[in-house]
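First up is the structure itself, then whatever we jot down about it.
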Amino acid sequence: MPREDNTIKCMSKNFISRSSCASSFIAFKKAVSCFDASEEALSLVDSLSCLFDDEFNHTFDLSVVSNDNNMPVRFSVNDSSCRGKLLPFAEAYISCSDTNTDLSLLKSFSSLVLSFGNDVQFTLGVQWDKKSKFPVLKAYFEDGSPVYEIFFNDSKRKKLFDMFSLPDMKVPSRDIPSIICADLRPDGSSDLKFYVKKNAVHALAPYVKDRNSLILPKCYSESVPFYYYMEGLISGRKKLYMAYPADMATDSRNNIVEACRLFSSMRAVQVLKKIKNWNHIAIEENCLLIPTLFSYSLDDRNIPDKASLYCHFLKKNKYE
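Read in order, the letters of the sequence shown correspond to residues 324 to 643 in the numbering used here.
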């Protein structure tokens with residue numbers, strides 16, 4: 324007999340009260356399935372879908388990465404249309420799961436940010452490696468004054484670093500993050516990540532050894548993209564991001580083509596196959612495939628290495 328999964332049983336009891344039928348979510352779940360995702364991953368996706376009442380106003384992001392034979396299953400969802408629901412969901416998931424994921428750290432981390440006010444977006448990221456049953460949970464607080472205010476308050480800043488057993492340090496004004504993230508791994512380890520927002524690509528120059536090695540896809544939009552530098556203070560990982568403008572749905576096809584052209588030059592065959600599959604799913608479900616982020620990991624010399632593309636599905640009639 325198959326083993327009864329206590330995590331999913333617990334999540335079902337607390338959160339699954341209805342079934343989402345939004346086209347964008349159905350497309351997303353199909354795309355996750357194409358990663359050969361575990362039953363645990365698909366069950367978590369189902370649980371998340373039930374937090375959202377408006378089928379148009381939630382975003383589930385998928386991502387693919389070049390030069391990675393162990394391409395992870397990664398997705399994220401923000402609470403912009405269900406403010407206050409997603410953080411308790413993350414806490415309940417950790418409480419129910421048979422892992423050492425640090426629930427007390429998540430509670431302390433979120434309590435510190437929200438002590439400044441609730442006008443901050445919470446995003447839950449989830450990542451499985453193919454060999455892992457349980458995911459890394461990524462708790463993001465972003466684009467709100469509480470994130471900035473932490474770094475102008477000596478005691479709050481010190482408290483943040485203490486949570487992660489890091490020495491206190493004053494952050495230069497140019498490097499104050501607009502997003503902070505806690506990576507919570509199932510083995511109990513963690514990472515604190517800072518995302519520094521920049522309005523122009525040349526502003527990334529201090530973070531990359533050779534600016535000419537940073538080759539980004541062309542962005543078709545009436546608005547200009549913006550950029551992030553990310554650094555993991557414990558892991559030492561570094562990444563650069565180009566964030567596509569939110570108003571570029573009408574140019575989504577051109578932007579996907581441009582990203583694929585760049586992946587083709589990298590000979591990232593598996594990535595191209597995944598994106599092609601996502602396009603088919605989008606057509607089947609009457610959705611648009613929208614790129615949201617393009618990123619590079621930086622190697623030990625701060626030279627761009629692996630590239631990633633993040634996308635989501637959007638129901639077509641929202642723009643018709």
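Using N, Cα and C, we set each Cβ at its ideal position, and we do this for glycine too.
Alpha-carbon spacing of residue i relative to residue j, whole angstroms
i	j	result
Ala630	Met553	14 Å
Asp623	Phe549	24 Å
Asp369	Lys352	8 Å
Pro500	Leu556	12 Å
Asp514	Ser546	33 Å
Thr275	Gly407	Residue 275 lies beyond the stretch modelled for the chain, which goes from 324 to 643, so this question has no answer here.
Val355	Phe398	8 Å
Val400	Leu385	10 Å
Ala582	Cys610	19 Å
Ser418	Asp574	42 Å
Leu426	Ser618	29 Å
Ile606	Val494	46 Å
Cys405	Ser455	29 Å
Asn713	Leu612	What is shown of the chain runs 324 to 643, which leaves residue 713 out entirely.
Ser620	Asp628	5 Å
Gly511	Val459	10 Å
Met589	Asn476	44 Å
Ser372	Phe412	11 Å
Ile598	Val387	8 Å
Ile473	Ala415	26 Å
Leu410	Gln444	10 Å
Ser558	Val594	25 Å
Ala566	Val524	11 Å
Asn423	Leu483	21 Å
Asp442	Phe487	24 Å
Asn602	Ser496	41 Å
Leu367	Ile604	20 Å
Asp485	Pro529	28 Å
Gln450	Asn535	31 Å
Counted within 10 angstroms of its Cβ, other Cβ atoms place residue i as buried (16 or more) or exposed
i	result
Asp491	exposed
Lys561	buried
Lys541	exposed
Phe379	Because Phe379 carries a pLDDT of 48, less than 50, the predicted location of this residue cannot be relied on, and no value is offered for it.
Ile538	exposed
Leu429	buried
His635	buried
Asn578	buried
Val531	buried
Lys596	exposed
Tyr633	buried
Ser293	The chain is shown only over 324 to 643; residue 293 falls outside these bounds and no answer can be derived.
Ser389	buried
Ala591	buried
Ser420	buried
Leu507	buried
Asp402	buried
Val580	exposed
Phe374	First, the amino acid is wrong: residue 374 is Leu here, not Phe. Looking at its Cβ environment, which holds 16 or more other Cβ atoms inside 10 Å, Leu374 is buried.
Contact belief for residue i with residue j at Cβ below 8 Å, rounded distance in angstroms
i	j	result
Ala350	Glu608	4 Å
Leu563	Leu527	6 Å
Tyr463	Gly448	6 Å
Lys520	Cys504	That belief does not hold up - the Cβ atoms of Lys520 and Cys504 are roughly 13 Å apart, past 8 Å.
Phe395	Phe457	Per the sequence presented here, residue 395 reads as Pro, with Phe not at that position. Going by Cβ atoms, the distance from Pro395 to Phe457 rounds to 13 Å, so no, they are not a contact pair.
Ile502	Asp466	7 Å
Leu435	Lys481	At roughly 11 Å, the Cβ-Cβ gap does not stay under 8 Å, so Leu435 and Lys481 are not in contact.
Ser347	Leu637	6 Å
Tyr551	Tyr518	5 Å
Residue i at chain D interface by Cβ criterion, 8 Å
i	result
Ala354	Here there is only one protein chain, and chain D is not present.
Any non-hydrogen atom of the ligand MG within 7 Å of residue i CB
i	result
Ser620	The ligand MG is absent from the structure shown, which contains no ligand whatsoever.
Check your understanding: Which runs of the beta strand (DSSP E) fall wholly inside the region 526-562 and span at least 3 residues, in chain order?
Key -> Qualifying beta strand (DSSP E) stretches, in chain order: 549-555.
**Study point:** Entirely enclosed alpha helix (DSSP H) segments - the region 421-491, minimum 4 residues
**Key:** If we require 4 residues or more, the alpha helix (DSSP H) runs fully inside the region 421-491 come out as 426-437, 468-473 and 477-486.
**Study point:** Every unbroken alpha helix (DSSP H) within the region 360-415, with a cutoff of 4 residues, ordered by chain
**Key:** If we require 4 residues or more, the alpha helix (DSSP H) runs fully inside the region 360-415 come out as 362-372.
Review point. Which residue spans inside the region 597-641 form an unbroken alpha helix (DSSP H) run of at least 4?
Key: List check, alpha helix (DSSP H) in window: nothing returned.
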